[in-house]
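Accompanying notes for the structure given below.
In our numbering, the protein residues as written are 373 to 1608.
Below, the structure is given as structure tokens:
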């Protein structure tokens, strides 16, 4: 018998025996001392042993045996509370009793800890003990808050007061543990509620919310919470979430709108609620009165109903006699429908909310006082500290703390609005008015709070954490309402702050997307979620619409997807990565990747509101409206405003043309359970339903297709067609073909095909190879058959016809193009997107039929008729060979590493671009022609337009070494300091070349009128010139342009004119001025030809020094003339270089930097315009000067000298007289004294 009882026991007998012995040793009641409780001799050690049993047996082994034994022994009510009562407030100095009290709370806290049902960790013991322990916790709570012998809650605070009094920097770990222990005890007492599935036998009023608030207020727990919360961050840090939990369980499901109203107003509200409930009940009874049982309902009734198909159905009951609709409804009710079984979904309500709470007047006043003081002193420090802890994910923060945080923020914001409204009605100043309105809740209206809220919104939606998402939506809605109240307060400062807050809330387009997605994707998350979702949508749209009307230039930051080139990391060996190879066949842009960037754009509310018209959002509000019998006026108004916006503001009433929606609107007005006609929303719903049904009937007449669409939801394209009668026009962008690849190294064609085949094999794309081989085999057979026919026809053709027609038709007699036909849609896509397949197609000779047009997925590929059958067979054999023996590479490289993306060719810069709007002269047409002087580089301007200068064959001279030009800004960052000097020299060289080119530029841009032929004008011009020349000769005593007594031949040889025309003095002066300007610009520029210039200067100075009779001015003029003559004589020197070897290579090296275009243009300009050739005799040409000097001094012209530059000086004595002779002007010897 005893063994059977032992087996039926829920707890092991030895465990029960140990626990009972410890409870007995703890203490008991004394008969001698007025029935008072007496502690045992080892009471402190017993309490510690009980704590160890709970910790090491229940918690470690995941059992509840010790807690079950303590509950059955009634330890808390019989022993622990009595022990705590023995420590009165007058004996606070007793350390022993303080330690006993602390040990008691160390046992009470685990016994009152919330019990969670975790299906993964629950065992048989949990199912046995859970109902008993939950009822035991209710008994603990009732005993603690209703204990008359001592204030147990206040005693708990007394235990923690010594630790709280210590500064936070001096507190030990034990002090922190004591504070948390007491706060957890208060949290547990506030959290214990009757479980929904278990009936409590006692009086529920003893454990109600009103009793709890009364006990907290009477025992000064509310003041303790205010003290800790107001000093959060200064004296307390890790206790923030525990205090938040206590407050959460005090105010959850309390209607904050009724908290700050007067008692008279509250009584009126309750009376109105009772009247509304009674009216709803009467309406419900009236709807059932038609089918209500009567005195004759006891008599049975059975009728036969003949249906349209001819079948007869039996219907029983007297209600079938009323009308046809009732009979059909009764027949439908007999039909059975077995829905598919689904797994039982978890509770979708926020954690621990429970049913709504009704407070008595005393508790309401106490909670109202606490909430007011909390808003005035503790709201900002507590919630600011909690938000920071949540953001950094502190170790003491749990997952459900985030939901409690947002719930409390929304609750207190609503309470603050109700308090402000009540104060405004009663016109009583409050602390909020003295401090400043809305400053008391400022910590939840800053940017950090908005960031945390948006992050939690995204987290809840992405993780499908519906309780968290519900509380975040509630908080967001209350923040919007609070900010709207700030903007309507009339205070300029508050309005400015509210405008700033709204601009921040509405600035991120991701927030707009989140609201639209939440409203569109509702499924079965519960009514609490549905209510929060619709409320936030309604508030967000309403406030955003008003704000966008006030701020017409509202900007939002949107996420725009752009494409950028993918930059693959270089391999370890320094080779370039493969930038053009895609991972998938159908990748449109294998060489590019998507990147999200932020971009501001102007906000369009109409476009944003259109995002709330899809069928998903409509279904969400339809589901919400189906609860119309249980909704209050504000909720009905919310749904009404949405349907009105969709139907009339957005002009998308077709989204509501669905049978179930029309039926719902009809039932709300004319159905068996309509809205209460006394409600102020009834008229608005009646008018809305009437207009929507009227529009539906009108649209049915216009669009007969709507009869079918009434049964289904509408997508955007269908809705557009039904609304406007035509399909929405969409413009599709042209897709881009796959990247063009090339080989990194020069390899033969067979190796190229092997590499591409190897890449396709590595990517498991053998189906493409099989298709290619099949195409090649078929086309080869066709091509070979055609060639055989052609050969046979050539043999049978007579010789006469062959001679006459074969030559003309040979080129035309080629095979027709063979069209490549993809076998599947995926193959067609691969032909357009796959870069490796496209490369193989090009290698075997395939090409597009229309290469001049833009390529599209439907482009036709062909094998040209010029490719013979043998070539196709060779390509096929190469593919087969590479397929069976894939190529291998050094260092284990793959075949795809041998390819790279082909760089796109640079677009040529147009020489005449009139469409360029750039104001920079260097980029416009003015910059192309009239180069600015401040253009130091010379790279941006174009000195010569298209077509000039005159082209001629280059001279027979050594080719200059090509100079590599690099663009600025692209040099490697790892340049050495010596490169800067080279860059500076290169810049100076470019500047010098630019100056040289500019000097001859004006010769190219001549007046177009110069080409006009006017004989009369030319005759007058030459007559005037002849008269001027005769007058000049007469003034100098010249005859025929020469001094008297001088032979004409000698005079012509002296001047060096030969057969050329003389130039006027004015033109000579212009040329000398040009030379001086060129020397002035050239003196500021240094380049690689400086040595040549120095040699020229030395050669020019030598004759001047020899001719000491000349003055300094004449010497300078002669030297400049010789330098100018040296530059002008270069083309002539090149032509006569073989005949004049004395013009050695040294001079050519000195002038090596002069561009060929400059040389050619100078010679062309000189011979065509005649300006450069008509100079003084000495500076005209060195070859002519040498010939003249040879005649004058009796030497042969063109005497050969060594080609070395040093031996060039030997010619100087021979030409010294010619170079150093005094200047001659108009045939007279001009001395320096004459100039003076």
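Backbone N, C-alpha and C fix where the C-beta goes; we use that ideal spot for every residue, glycine too. These numbers were taken from a predicted model, which means no experiment stands behind them.
DSSP places residue 500 in the uninterrupted alpha helix (DSSP H) bounded by 496-517. Residue 811 sits exposed, since fewer than 16 C-beta atoms from the chains shown fall within 10 Å of its C-beta. Annotated three-state conformation of residue 1256 is helix, per DSSP. In its chain, beyond the 5 residues on either side, 457 have a beta carbon closer than 6 Å to the beta carbon of residue 521.
1218 is the residue among 1211, 1207, 1218, 1394 whose C-alpha sits nearest the C-alpha of residue 1192. Annotated three-state conformation of residue 674 is strand, per DSSP. As computed with DSSP, residue 928 is found in a beta bridge with 973. In the pairwise beta carbon analysis, the segment 594-612 is classified as touching the segment 737-749: at least three pairs are separated by under 8 Å.
Residue environment analysis places residue 616 among the buried positions, since at least 16 neighbouring C-beta atoms fall within 10 angstroms of its C-beta. Minimum Cα-Cα distance from residue 1245 among the listed residues 1421, 1151, 449, 977 corresponds to 1151. Per DSSP, the continuous beta strand (DSSP E) segment holding residue 686 begins and ends at 684-688. Membership of residue 761 in the alpha helix (DSSP H) is indicated by the continuous run 751-763. When the alpha-carbon of residue 684 is set against those of 438, 703, 694, 1069, the nearest one is in 703.
Here residue 810 carries a coil assignment [DSSP, helix/strand/coil]. Going by DSSP, residue 400 is part of the beta strand (DSSP E) stretching over 399-401. Look at the beta carbons and you see the segment 1120-1138 touching the segment 1204-1211: at least three pairs across the two are nearer than 8 Å.
DSSP places residue 1115 within a strand segment (E or B) once states are collapsed to three. No Cβ-Cβ contact shorter than 8 Å links residue 438 with residue 512. DSSP places residue 838 in the helix class (H, G or I) of the three-state scheme. For residue 898 and residue 568, the gap between their C-alpha atoms comes out near 18 Å.
When C-alpha distances from residue 686 are compared across 429, 1091, 675, 987, the shortest belongs to 675.
With a cutoff of 8 Å on beta-carbon distance, residue 554 and residue 620 are scored as not near each other. Beyond the five residues adjoining it in sequence on each side, residue 794 comes within less than 6 Å, by CB distance, of 632 in the same chain, given in chain order. Contact between residue 561 and residue 547 is absent: CB atoms are separated by about 22 Å, not below the 8 Å threshold.
The three-state secondary structure of residue 1273, taken from DSSP, is strand.
With fewer than 16 neighbouring CB atoms inside 10 Å of its own CB, residue 657 falls in the exposed class. Inter-residue distance for residue 1234 and residue 1264 is about 37 Å (C-alpha atoms, whole angstroms).
It is roughly 59 Å from the alpha-carbon of residue 786 to the alpha-carbon of residue 680. In this structure, the alpha-carbon of residue 592 lies about 28 Å from that of residue 761. DSSP lists 608 as the bridge partner or partners of residue 604. Note that the C-beta distance between residue 848 and residue 916 is not below 8 Å.
Taking residue 1019 as reference, the option from 390, 1358, 1060, 766 with the minimal CA-CA separation is 1060.
Residue 889 sits exposed, since fewer than 16 C-beta atoms from the chains shown fall within 10 Å of its C-beta. With a threshold of 16 other beta carbon atoms within 10 Å, residue 481 meets it and is buried.
For residue 874, the CB contacts under 8 Å within the same chain, skipping 5 residues up- and downstream, are 855, 859, 915, 919 in chain order. For residue 887, the enclosing alpha helix (DSSP H) covers residues 881-892.
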